[in-house]
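Undergrad:
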Amino acid sequence: MEMNDNHVEHHTVREFLNFCVSGPGGEAGEWKSTFPGKYLEGGKEAGGQLVDQRLLPRITEGEVRMQMVKNNLFAIIHKKPEEGGMSAVGGIADYTFYKPDAPEFADLRAKFEADIPQIMGSMGLGGEPLPLFWTGDFIPVDDHVAPYVVGEFNCSCVGISQFGTACGPDKDLNDVPTSKFIEGTVLVDLIGKAAVETLDEMKAAAAPAAAPAEAPAEAPAAAAE
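Going by my numbering, the sequence shown opens with residue 398, and the numbers climb by one from there.
1. Using three-state DSSP, classify residue 621 as helix, strand or coil.
2. Counting along the chain, where does the beta strand (DSSP E) carrying residue 470 start and finish?
3. Taking residue 577 as the reference, which of 590, 587, 588, 562 has the closest Cα?
4. When we look at the beta-carbon of residue 504 and count the other beta-carbons within 10 Å, is it buried (16 or more) or exposed?
5. Rounded to whole angstroms, what is the Cα-Cα separation between residue 420 and residue 477?
6. Between the C-alpha atoms of residue 589 and residue 415, what's the straight-line distance to the nearest angstrom?
7. Could you check the C-alpha separation between residue 547 and residue 520 for me, to the nearest Å?
8. So is residue 462 buried or exposed if we call it buried at 16+ other beta carbons inside 10 Å?
9. For the pair the region 526-538 and the region 439-450, tell me if three or more CB-CB distances fall below 8 angstroms.
10. State the Cα-Cα distance for the pair residue 591 and residue 417, rounded to the nearest angstrom.
11. If you scan the region 529-609 from start to end, which runs of the beta strand (DSSP E) of 3 or more residues do you find wholly inside it?
12. Classify residue 491 as helix, strand or coil using the three-state DSSP reduction.
13. Is it the case that the Cβ atoms of residue 473 and residue 492 are separated by a distance below 7 angstroms?
14. Would you mind reading off the limits of the alpha helix (DSSP H) that contains residue 462?
15. Among residues of its own chain, excluding the 5 on either side of residue 403, which ones have a beta-carbon nearer than 8 angstroms to its beta-carbon?
16. Which class does residue 511 belong to by DSSP, given the choice of helix, strand or coil?
Structural data, given as structure tokens:
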């Protein structure tokens, strides 16, 4: 099952690996995927990579997204795949929006926020600022030390979910309900404010330290008569 649109196709491991290196066709066979493959093209030097992540079947119950602006939780979004599917991406999933203080997710939020410094440190980013706009996406799981596991931290391709109904070649912001337009506008304004604050912090950190002020010279002592 392709997680971006829920379509199903069957391939051998050889065909899958060839698709990841060279794309569809040839030894990879024919693919219906809208993605071109070639994830490993050029090898590690060119940035080719795959993430080996186990399937979490309870994704069908929905994914919990913590929508963050730096270290501030802006909203919690429950993303439930359509019946029969496993994809929680926009357009083919039902989104329910919650305020940051929603009691349903209070425990998850508290643990997540407490763990952020440890998470940054484990990735060697302890001294770095958090992304301007990012998410922590949680999927329910059985037989685990916690009721949820992190499916991903997304900071490179995050959509403004409040504007989700504007997605599509024949849609625009006029398709966004007024309440969601207002909420989305508050969010992007907050992101802009955080961007300015971050730039100011970076400038201050890069500025050379001011030289200590010199003590005023003492006046010469008067000559004794």
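A virtual CB, placed ideally from N, CA and C, is assigned to each residue, including glycine.
TA: Quick look at the numbers:
1. Translated into the one-based positions of the sequence shown, residue 621 becomes position 224. Low local confidence applies: a pLDDT of 48 at residue 621 is under 50, so the model's placement there is unreliable, and no value is given.
2. As a position in the sequence shown, residue 470 is number 73, starting the count at 1. That run of the beta strand (DSSP E) goes 469-478.
3. Counting from one through the sequence shown, the residue named residue 577 turns up at place 180. Comparing Cα-Cα distances from residue 577 to each of 590, 587, 588, 562, the minimum goes to 562.
4. Position 107 of the sequence shown, counted from the start, is the residue given in the question as residue 504. Flag for residue 504 reads exposed.
5. Taking the first residue of the sequence shown as position 1, residue 420 is located at position 23. Taking the first residue of the sequence shown as position 1, residue 477 is located at position 80. So the alpha carbons of these two residues sit roughly 30 angstroms apart.
6. To locate residue 589, count along the sequence shown from 1; it is residue 192. To locate residue 415, count along the sequence shown from 1; it is residue 18. Taken atom to atom, the span from the alpha-carbon of residue 589 to that of residue 415 is near 43 angstroms.
7. The residue given as residue 547 occupies position 150 in the sequence shown. The residue given as residue 520 occupies position 123 in the sequence shown. Residue 547 and residue 520: Cα-Cα distance of roughly 15 angstroms.
8. Translated into the one-based positions of the sequence shown, residue 462 becomes position 65. In summary, residue 462 is buried, with 16 or more beta-carbon neighbours lying within 10 Å of its beta-carbon over all protein chains present.
9. Taking 8 angstroms as the limit for Cβ pairs, the verdict is that the region 439-450 does not touch the region 526-538.
10. Locating residue 591 in the sequence shown gives position 194, where the first residue counts as 1. Locating residue 417 in the sequence shown gives position 20, where the first residue counts as 1. If you take the alpha carbons of residue 591 and residue 417, they lie about 38 angstroms apart.
11. Taking only runs of at least 3 residues, the beta strand (DSSP E) segments lying wholly in the region 529-609 are 530-537, 545-551.
12. Here residue 491 is taken as the residue at index 94 of the sequence shown, counted from 1. Correct three-state label for residue 491: strand.
13. As a first step, residue 473 is located in the sequence shown; it is residue number 76 there, counting from the start. As a first step, residue 492 is located in the sequence shown; it is residue number 95 there, counting from the start. Taking the C-beta atoms as reference points, residue 492 is found no nearer than 7 angstroms to residue 473.
14. Position 65 of the sequence shown holds residue 462. Run containing residue 462: none in the alpha helix (DSSP H); it sits in the beta strand (DSSP E), 460-466.
15. Your numbering for residue 403 matches position 6 in the sequence shown. Here the set comprises 478, 479, 481, 482, 483, 484, 489.
16. On the sequence shown, residue 511 is found 114 positions in, with the first residue counted as 1. DSSP, read as helix, strand or coil, puts residue 511 in helix.
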